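Trainee: The structure under discussion is supplied below as structure tokens; questions concerning it will follow.
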Amino acid sequence: LEVYIVHTRSKSCNYNFFLILIKRQGAAEVRRQVSSSICSSQDLSRSASVQSISIHSQPTQVPLNDVPEPTDFEEFILHNQCLVERDPFKDLLLYPEDDIQVHKVNKHCRTIEPSRPDPGTDVDPHVKDCISRYTSDHTVVVRRYQRFSSSACSKERLPEHDTFQHEYEIDVDEIRGEEEKDTNKRQSIHINDTPRGSWASSIFDLKQSQADTLLPNLFDRIKNEDVDRNNENLRQQNRYDNIFSLYPMQDEEEVIERRSPPEVPKEHFGHRILVKCLQLTLEMEVEPIFVSMALYDSRERKKISETFHFDLNSEQTLRLISGHITHADVSSVSRSCIFSITYPSPDVFLVVKLEKVLQQGDISECAEPYMKEDKSTKEEKYRSQAVQFCERLGKYRMPFAWTAIYLMNIVTGGSMERESRREGREASVEKRTREASVEKTTEHEISRAASLDAGPSDRRTGSTSGQFDSFRKRSKDDMSAGRRGSLDRGRSGYEKYRSYSPDSYSTSMDNFRPVTLTVSSFFKQEGVKLSDEDLYKFLADLKRPSSVLKRVKCVPATLKLDICPCPEEPRYTLTPELLKVEPYPDDKGRPTKEILEFPSREVFVPYTVYRNLLYVYPKSLNFTNRQGSARNLAVKVQFLAVEDENYALPVIFGKSSCPEFARESIAAVTYHNKSPDFYEEVKMKLPAKLTETHHLLFTFYHISCQVKKNEPTPTEVPVGYTWLPLYRDGRLTSGDFFLPVSVDRLPNGYSLHHPDTQVHSMKWVDNHKGVFFVSLKAVSSVFSQDEHIDRFMNLYTSVQEQKLPARMNEMGFENELKRSIMDINNAKGENLVQFLPLILDKLISLMVRPPLIGGTIVNVGQATFEAISQVVLRVHDLLDEKNDHNGRNMLLAAYIQYSFSIPNLGLIHQGSSPNISSPHSQGYATLGRPSSLPVSKANYQRSSSNPDLAGNTPTSPDMEFTTFARPLDRTGSMRGEDQVMTLPKLRGKKLVHEELALQWVVSSGSTRELALKNAWFFFELMVKAMAEHLDQVDKLCAPRQLRFPDHFVDDVSSLVTMIIKDIVDRYVKEPPLIKALNTNLAFFLHDLLSLMDRGFVFQLIRQYCRAMSSKIKQLSDPTSLMLLRLDFLRIVCSHEHFLPLNLAFGTPLAASGLHSPTSSVSSRSSITSSTTLVDRSKVSFYSLTPQFRSQHFLVGLVLSDLAISFDASNPVIHMRAISVLRNLLFNHDLDIRYTDPEVKSRLATLYLPVIPIVLEALPQLHDPGLESKVKVGIEHRQA
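Under my numbering, the first residue of the sequence shown carries the number 7, and numbering increases by one thereafter.
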């Protein structure tokens, strides 16, 4: 690697000095020999000791390995204000006033109206917090000039260059001459195009060769000044303004200063498939047929979507049941839907089921007319019977037929045709006609990760403690699912998917050609095989030859579907909550429904919309031991808030050609079956506020299908009742349950008890055994369905409402709150991520606004800080594929950048006597210091590193209470039992950034280690909180020294000191942790340069560099520490305001411009003698003098480390140090703010010490191994 020093003259006769790093062996060899001859009279031997390094002509007072005291930045700016005002480039020399802006970004809403609870609905504080989180705009802190930093992709800002390939004869291999030996006849060519030396070794005809062009003025006598002038003009021709733009891009791993920008939080979607239902035709159309479809994964044995209901009946056919349906809303006439698949699998089937109106006879008898050959002769008879049954039983359904479409065949273009129609047992025959391609859907970001929960995974929807456990379903499937989940631990969801699916299957989901599919046969339903378990067996048989399907009879029917990738913005679309999705032009179009996905595995994506749905699945009923003749059993499902079924809530979603919402839903009836199976899905919209009186009521009926002559026969006769409470102990009920059924009507007050409670006055079926199996699945962004999260949320609501929970005293509540905070990390991974923004919001709120119990503030600061650390680490481990090269998790980074906003903190008067007014109850919501605190800080002794003194904080509420009682310990545990507060207290307000710094400083043990592992999160959270606070108190334009109080500055200093000590002491034992910590600290100080006193930040940087230098002196091989220090400097110096930070004004060079010490090529003086040609006042800024390094602090650190790095014999250190400098020059060259030659000249003065550094280290820059690499490159180019 060679270093060229290029100086270019600007219009103002100033010189711009740059370094060009070019891999050319020939030129490097020449430069090495020249430098050896020039420096032969000088002593070039460098001392092995770092202290003896000196590259100046005069002795240096501060060794390069030591860091001089930086100039007080703010004071220097103030004293030189007049000088800066007169400077023509003052806008570039000072920070812009609009450097940081805090503004709101409208949250993207897919729907015309955001998803909210119904207007007028009573909601509790927890639901309000959820709605606020899902609908509030994003708060974003913007650094307007950050695009000029090297942390941004600078190459994107460059125009295209038509580069000219320069080729020097010294670097051209002589092999080119050998390639021309086979030429029989040569023509004379210009000498510039002929390799030197080839004329003497070549054979050609001199008589026939053309004469060479004469060199003009070859023997003319020309003055040296004219030669210099001519050479200067030639050098200025065909020059590039941006030299470093020609340099190749660095590898991504080298650009450590680049922080990946997180994506804006958005609703999760998998691969989306649009299914349009075009036509359903039966050979005999005498009654309405109702269709439903859903996705099933046969491998996972799981239903992976909700059910889509539709019908293709004519208006004339629908009139047969008009007496049972009042009207049909627009949303219920949809005939197209959009399925979402997060985890594509070759085992996914689209299952289509047909139902018909209940009639007398079992499924085989009712399906027989459709399968007869001579059905047309009796069609009128069947139509007459259908009219009678529709008139009487039009509200009841019965199973009819089903089929399954193998989705992989459609996506991959395969075929699943089965030649079995001639045998009368045809399965699913799929004709495909390829049509015009449709608009491709955009590829959605999909979270694929495996569950890393400790212990076996519970596949059930949730769990309920207490008496529910006695009738909850226990199955071997749960245990096997848990074992299967544990085997997949440590692998992402996508990797697990690839283990059993072709790599191209996932891609094909988004770009397969649209298909028009015709299914020409359906399997007849069997009354004893309606369960999901039976369905999964059939689906497994569909993929392989099996004799099972040959025994299944088929119903001739034709269903025509269009299946294609979903367009990016489909029109007339409704969400699962029936909200209109933009664009929705008008109300005239038939809508398309988005079908909610039930992913086969965990999806780690936070909720971004309000969703509160409950799915009820009646599974089976066993009335075998019930006395009586109840056989045609129907189950009616209702959602009640009171114990009167006449007041059932209209929260049940309608199916097809019916009202949008209903008060009841009835499952399909199996004729003459006392132990039927059900496949019904009842979809409900949960109220925003649930109470313990909300419950599901299940009523069982015997349906009379046959009418007896001369006897009044009721259509439905109730034969049993049961119920299921939905909300107990602050938790939503979900999961699988076996419920006992009462024969008698339920007594008053039944909803306050559990169904397994034995009531003597009630008569139960089969001696109070669980005879009804029902499953509940909740999809809610309000109720987490995790016991740890639910308990924390409920206790936080009690804190908000300032009410103690029932059956809990103050001490019990205090202990329970702390326990719930620490147990959040034990939540299931999927639930933890889904509610991550809400959980972090509440933890931060508790930290800065601790609860007040019994007149005393409960100190939960350390508990919440530890809980945040645990949650961050858990998310980091769960989503390791979302971590960038610096270890930043993109999900957590998105929370900081978009979701997090500092709480609106104010003082709320609380105490034992609410009527007592206090002057201290007044305060400013945005100020960090309560108004009752004195401004003077003389009486406050505070040590951030001493927990015993941490409570004496100007913003601490404990300090405000000093006039009333003894102060509380901010960092210790909660109050003791012997403390009795008799006077009213004020709830303290704290600031997020101050409390984060304090809690981190005083943390110890495991809490401190947890914080260190993800220090980037707390640093970035602190920085955003600081920026938001400055914006709220209108201090973004205030002087830097007045922005933050002294106690916070002390905490930051203590925090940085603590981390520096960890880096120096632990870099050998824990290299990955220390490397990440070193990077995180550099980014933190990089960000603080935009917010705090820059002189203070310089002192922190100096502290870091001095600690590293002190440690390096003690080591025989300091490579690791030197690389860490170089990475640290690269990140800090990547700041977009690097020029203002180096105070490039107020120096002799900045005032009078830079003049070349060597004015002509005839001047052959050395560097040492050249300094005598310049004014002595400028000498101190030509080299790394203490004055230079103090005023130009950052660039002085970079150049000092560059010089020090050459003392080491390790080429890795050389390359890393050169890379830091090269990165700075590269970014300067591309910065559009510095295109003016005068500005470039000013910028170049900062790098003048590079010249003596390079000349002294030039022999060390020779790479012996480069020659072979260059030769290989030349041969490759010739080939």
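Glycine is no exception: its CB is placed at the ideal position from the N, C-alpha and C atoms. Here the structure is a predicted model, which is why all the values come from computation and not from measurement.
Taking the CB atoms as reference points, tell me whether residue 629 and residue 594 lie closer together than 8 Å.
Mentor: Not in contact: residue 629 and residue 594 (Cβ atoms no closer than 8 Å).
Trainee: To the nearest angstrom, report how far apart residue 25 and residue 1003 are at their CA atoms.
Mentor: Bear in mind that a pLDDT of 40 at residue 25, under 50, signals an unreliable position, so the number given afterwards is only what the model happens to contain. Cα to Cα, the separation comes out at about 41 Å.
Trainee: Going by CA-CA distance only, name the one from 295, 142, 848, 393 that's closest to residue 326.
Mentor: Looking at the Cα atoms, 393 is the closest of the given residues.
Trainee: Just mark residue 214 as buried or exposed, buried being the case when its beta carbon has 16 or more other beta carbons within 10 Å.
Mentor: The residue is exposed, with fewer than 16 neighbouring Cβ atoms inside 10 Å.
Trainee: With H, G and I counted as helix, E and B as strand and the rest as coil, what does DSSP make of residue 343?
Mentor: Three-state DSSP puts residue 343 in a strand.
Trainee: Does the structure place the segment 647–659 close enough to the segment 731–743 that three or more beta carbon pairs sit under 8 Å?
Mentor: The segment 731–743, when compared against the segment 647–659, does not touch it at the 8 Å Cβ threshold.
Trainee: Using only the alpha-carbon positions, how far apart do residue 244 and residue 1152 sit?
Mentor: If you take the alpha carbons of residue 244 and residue 1152, they lie about 35 Å apart.
Trainee: Compute the Euclidean distance between the alpha carbons of residue 603 and residue 357, then round it to the nearest angstrom.
Mentor: Residue 603 and residue 357: Cα-Cα distance of roughly 15 Å.
Trainee: Please work out which residues of its chain come closer than 6 Å, Cβ to Cβ, to residue 838, disregarding the five sequence neighbours upstream and downstream, and give them in chain order.
Mentor: For residue 838, where only same-chain residues beyond five positions count, there are no Cβ hits under 6 Å.
Trainee: Beta-carbon within less than 6 Å of residue 287's beta-carbon, same chain only, minus the 5 sequence neighbours each way: which residues are those?
Mentor: Hits under 6 Å: 564.
Trainee: Report back the beta-carbon spacing between residue 1127 and residue 1118 to the nearest angstrom; my notes put them in contact at under 8 Å.
Mentor: Right, the Cβ-Cβ distance comes to about 5 Å (below 8 Å), so this counts as a contact.
Trainee: To the nearest angstrom, how far is the alpha carbon of residue 886 from that of residue 1005?
Mentor: One C-alpha to the other measures close to 27 Å.
Trainee: Which residues does DSSP list as the beta-bridge partners of residue 905?
Mentor: Answer by DSSP bridge pairing: none, since residue 905 is not bridged.
Trainee: Is there contact here, the segment 273–283 with the segment 379–392, by at least three beta-carbon pairs under 8 Å?
Mentor: No: the two stretches stay apart, fewer than three of their Cβ pairs being nearer than 8 Å.
Trainee: State the DSSP-derived secondary structure class of residue 1253, mapped to helix, strand or coil.
Mentor: Helix.
Trainee: Does residue 378 pass the burial test, meaning 16 or more other C-beta atoms within 10 Å, or should it be called exposed?
Mentor: With fewer than 16 other Cβ atoms within 10 Å, it is exposed.
Trainee: Just to confirm before moving on: does the CB-CB distance between residue 341 and residue 364 stay below 8 Å?
Mentor: No, the Cβ-Cβ distance between residue 341 and residue 364 is not below 8 Å.
Trainee: Looking only at C-alpha atoms, which of 580, 418, 557, 526 sits nearest to residue 520?
Mentor: The residue with the shortest Cα to Cα distance from residue 520 is 418.
Trainee: Under 8 Å by Cβ, that's how I've got residue 1130 and residue 1106 pegged, so tell me the actual separation to the nearest angstrom.
Mentor: Rounded, the Cβ-Cβ distance is 16 Å, inconsistent with contact.
Trainee: Taking three-plus beta-carbon pairs below 8 Å as touching, is the segment 689–697 in contact with the segment 613–627?
Mentor: Counting Cβ pairs under 8 Å, three or more are found: they touch.
Trainee: Please go through the segment 556–589 and give each complete beta strand (DSSP E) segment of 3 or more residues, from N-terminal end onward.
Mentor: Here the runs fully enclosed are 560–571.
Trainee: Going by the beta-carbon positions, is the gap between residue 106 and residue 1033 smaller than 8 Å?
Mentor: Yes.
Trainee: Under the assumption that residue 345 contacts residue 399 (Cβ atoms under 8 Å), give the Cβ distance between them as a whole number of angstroms.
Mentor: With 8 Å as the limit, residue 345 and residue 399 do not qualify as a contact, their Cβ atoms being about 32 Å apart.
Trainee: Tell whether a beta-carbon distance below 8 Å holds between residue 1084 and residue 156.
Mentor: Cβ distance not < 8 Å, so residue 1084 and residue 156 don't count as in contact.
Trainee: Which partner residues does residue 615 have in the DSSP bridge list?
Mentor: According to DSSP, which records beta bridges pairwise, residue 615 is partnered with nothing at all.
Trainee: Just the C-alpha distance for residue 1066 and residue 1111, rounded to the nearest angstrom, thanks.
Mentor: Computed Cα separation, rounded: 9 Å.
Trainee: For residue 640, collect the residues of the same chain with a Cβ closer than 6 Å to its Cβ; drop the 5 residues on either side in sequence, then sort them by chain order.
Mentor: 672, 675, 707, 709.
Trainee: According to DSSP, residue 1006 sits in a beta bridge with which residue or residues?
Mentor: Per DSSP, none; premise fails for residue 1006.
Trainee: When you compare the CB positions of residue 1336 and residue 1100, do they come within less than 8 Å of one another, or not?
Mentor: The chain is shown from 7 up to 1285; residue 1336 falls before or after that span and cannot be answered.
Trainee: Does DSSP classify residue 1287 as helix, strand or coil?
Mentor: The structure shown does not extend to residue 1287, since the chain is modelled only from 7 through 1285, so no value can be given for it.
Trainee: For residue 1232, report the span of its alpha helix (DSSP H) as first-last.
Mentor: Taken as a continuous stretch (DSSP letters only), the alpha helix (DSSP H) holding residue 1232 covers 1217–1236.
Trainee: Quick check: what's the CA-CA separation for residue 260 versus residue 1093?
Mentor: Near 20 Å, if we compare the C-alpha coordinates of residue 1093 and residue 260.
Trainee: For the structure I just gave you, are there three or more beta carbon pairs, one from the segment 112–119 and one from the segment 580–587, closer than 8 Å?
Mentor: Touching, yes, given that three or more Cβ pairs across the two stretches are closer than 8 Å.
Trainee: Compute the beta-carbon to beta-carbon distance between residue 608 and residue 836, rounded to the nearest angstrom, for a pair I have assumed lies under 8 Å.
Mentor: 4 Å between Cβ atoms; contact.
Trainee: Have a look at the DSSP bridge pairing and note the partners of residue 403.
Mentor: 363, per the DSSP bridge assignment.
Trainee: Report the residue from 247, 266, 414 whose alpha carbon sits nearest the alpha carbon of residue 896.
Mentor: Ranking 247, 266, 414 by Cα distance to residue 896 puts 266 first.
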